[in-house]
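Residue numbers (my numbering), protein chains in the order written: chain A, 1 to 103; chain B, 1001 to 1496.
Glycine included, every Cβ here is placed at the ideal spot set by N, Cα and C.
A quick note: this is a predicted structure, and the numbers were derived from the prediction, not measured.
Have a look at the structure below before the remarks.
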């Protein structure tokens, strides 16, 4: 079997797990964790295609994964700061508390 | 390509980043003065850096391309980037009053970094650069949305924007990884070359759908628009204007460029009764949903910022109609529309900020009788709303006209997208209702006596000048569209 396939299945499963977590959880921190898992699934998929793909440009996939790890870290920092803002105003990190705007 | 060449091509971005650092330093020197109109040094440094960047771009000082499509400054891209720099400067001028934060320097620096992200989006021809630039712009915008720390709605809006945006970013990244896996390339031209003459790989189509989810979020096309009303309403008004103006121009431009340049081979068809898989049918469905949902949901809004958000969803729909058609005229038509729309919506948010500073809110009743309180602001709002509705001779009319013309000219004039254009025209008529309802409130309704109509601190002359300039741009671009169309490369051939 092409070695890409089992690795890609893991990446897709990770993405699905992350998305389920991000959508189903009501706690902002766990939603953030779900998003991070989705990003890591994408990183894994980049590395898989780089390692096993018929890839003429060396290091491209690896470079992409490295950059996106840095981006994910920046995103997590901003996300946690925003969760702290929510907590300061509402005394909870539940997304159900963030419902003051409708329509 | 040596480093000096690279520095020359990137000089507009370098100027704006230096402006961000300079703004932080100047604000540090002024920190004893308290916030408000006495502490505007950082804003002027930021505006100056944006003007320098725009001048470099317009005079052609940054023309060229870095290897691998990391930075490609053609003539059209140069114009779009210059306009993005001017929109960034406009955002800063609208926030001169700065009543929503004590941290003027940080605000200015974040706006400028967001502006750099948008400029980099416009000039990227490489999916890695596209992703990084999109994230730079998005992360800056999340921060700007939550900048009013005293207002619970601001933080809430920022968190919602962030969570939706983070998921969209993950979809985009996974989709890009699948496209990379299917083609082995990350430059737009490389992807295009690998796809030439090949049957579309299922992996590629899956990646394509995920990328369109991510970019659909950025342009706020239905059904990925849920963040927009909350973010627009909760964000400080200048920040909301920046999201609505700058980020939209960049996102529309990269959507048109990515589909047209990299994925041209898998466009598919969206003709009525003759669909073929690719990005065209997905974009066509997104356009139809956006035009219907945006215009219908706007009908029942009572808050002007929320109304502008649903109107933005509808306008994303009109723009995506033209992108779905494909072809060489898409980039200029989308560029013209996005640029004129950006000036219109930035000006409209400027008026909303003007009203908010004097009456304390942006609901319809705060706008009642604006024409007696501030005739100039009311007149400008009239220009902006009529342009959004698409009344000639304002810019909005010609923008829509070119978009629909491109949609009809696509596919060798077979009128395959006539169904979308018809839907767009019909929903435009619906949109007259809510734009004109707001104008009635402004020009006909009595001033609510319970509202204080004190001018806020400072005379607001700078904001009013910025709003006036935006209104003049809208009128001039409508009366003489060739002034903007020629640099964008739309030739006379498309106009019958």
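Residue i at chain B interface by Cβ criterion, 8 Å
i	result
residue 5 (chain A)	no
residue 35 (chain A)	yes
residue 98 (chain A)	yes
residue 20 (chain A)	no
residue 94 (chain A)	no
residue 41 (chain A)	yes
residue 10 (chain A)	no
residue 29 (chain A)	no
residue 86 (chain A)	yes
residue 83 (chain A)	yes
residue 58 (chain A)	no
Distance CB(residue i)-CB(residue j) smaller than 8 Å
i	j	result
residue 1386 (chain B)	residue 1379 (chain B)	no
residue 1473 (chain B)	residue 1383 (chain B)	no
residue 1329 (chain B)	residue 1265 (chain B)	no
residue 1078 (chain B)	residue 1060 (chain B)	yes
residue 1107 (chain B)	residue 1162 (chain B)	no
residue 1221 (chain B)	residue 1334 (chain B)	no
residue 1230 (chain B)	residue 1302 (chain B)	no
Span separating the alpha-carbon of residue i from that of residue j
i	j	result
residue 1152 (chain B)	residue 97 (chain A)	11 Å
residue 1172 (chain B)	residue 1235 (chain B)	25 Å
residue 5 (chain A)	residue 1390 (chain B)	51 Å
residue 1488 (chain B)	residue 67 (chain A)	32 Å
residue 1415 (chain B)	residue 1285 (chain B)	17 Å
residue 1256 (chain B)	residue 1038 (chain B)	43 Å
residue 1052 (chain B)	residue 1012 (chain B)	7 Å
residue 1030 (chain B)	residue 1191 (chain B)	50 Å
residue 1457 (chain B)	residue 1376 (chain B)	With a pLDDT of 48 at residue 1457 (chain B), under the threshold of 50, the modelled position of that residue is not reliable, and no figure is offered here.
residue 1140 (chain B)	residue 1165 (chain B)	12 Å
residue 1184 (chain B)	residue 1288 (chain B)	33 Å
residue 1033 (chain B)	residue 46 (chain A)	50 Å
residue 1042 (chain B)	residue 1429 (chain B)	44 Å
residue 1223 (chain B)	residue 1290 (chain B)	7 Å
residue 64 (chain A)	residue 1278 (chain B)	25 Å
residue 1420 (chain B)	residue 1283 (chain B)	11 Å
residue 1212 (chain B)	residue 1325 (chain B)	15 Å
residue 27 (chain A)	residue 8 (chain A)	29 Å
residue 1112 (chain B)	residue 1019 (chain B)	8 Å
residue 1110 (chain B)	residue 101 (chain A)	25 Å
residue 1024 (chain B)	residue 1014 (chain B)	16 Å
residue 1121 (chain B)	residue 1422 (chain B)	32 Å
residue 35 (chain A)	residue 1463 (chain B)	39 Å
residue 1497 (chain B)	residue 1102 (chain B)	Outside the displayed range of chain B (1001 to 1496) lies residue 1497 (chain B), so it cannot be described from this structure.
residue 1253 (chain B)	residue 54 (chain A)	32 Å
Test: residue i CB closer than 8 Å to a CB of chain A
i	result
residue 1236 (chain B)	no
residue 1457 (chain B)	Only weak support exists for where residue 1457 (chain B) lies, its pLDDT of 48 falling under 50; the value from the coordinates is given anyway. Output row for residue 1457 (chain B): interface = no.
residue 1551 (chain B)	This structure leaves residue 1551 (chain B) out entirely; chain B is present only between 1001 and 1496.
residue 1067 (chain B)	no
residue 1177 (chain B)	yes
residue 1281 (chain B)	no
residue 1125 (chain B)	no
residue 1142 (chain B)	yes
residue 1021 (chain B)	no
residue 1135 (chain B)	yes
residue 1111 (chain B)	no
residue 1292 (chain B)	no
residue 1493 (chain B)	Confidence in residue 1493 (chain B) is poor, its pLDDT being 46 and thus under 50, which makes the residue's placement too unreliable to answer from.
The alpha helix (DSSP H) enclosing residue i, as first and last residue numbers
i	result
residue 1005 (chain B)	1003-1009
residue 1102 (chain B)	Where residue 1102 (chain B) is concerned, there is no enclosing alpha helix (DSSP H), given that its DSSP letter is neither H nor E.
residue 1340 (chain B)	1330-1359
residue 1071 (chain B)	Run containing residue 1071 (chain B): none; DSSP gives neither H nor E here.
residue 59 (chain A)	Neither: residue 59 (chain A) is in no alpha helix (DSSP H) and is coded neither H nor E.
residue 1442 (chain B)	1418-1443
residue 1368 (chain B)	Where residue 1368 (chain B) is concerned, there is no enclosing alpha helix (DSSP H), given that its DSSP letter is neither H nor E.
residue 1315 (chain B)	1304-1325
residue 1189 (chain B)	1188-1195
residue 1138 (chain B)	1127-1145
residue 1286 (chain B)	1279-1298
residue 1052 (chain B)	1041-1058
residue 38 (chain A)	28-52
residue 15 (chain A)	4-24
residue 1510 (chain B)	As displayed, chain B neither begins before 1001 nor continues past 1496, which places residue 1510 (chain B) out of reach and without an answer.
residue 1473 (chain B)	1461-1479
residue 1167 (chain B)	1152-1183
Boundaries (first-last residue) of the beta strand (DSSP E) holding residue i
i	result
residue 1269 (chain B)	1269-1271
residue 1276 (chain B)	1274-1276
Selection of the region 68-81 of chain A by Cβ proximity to chain B, strictly under 7 Å: 68, 71, 74, 75, 78 and 79
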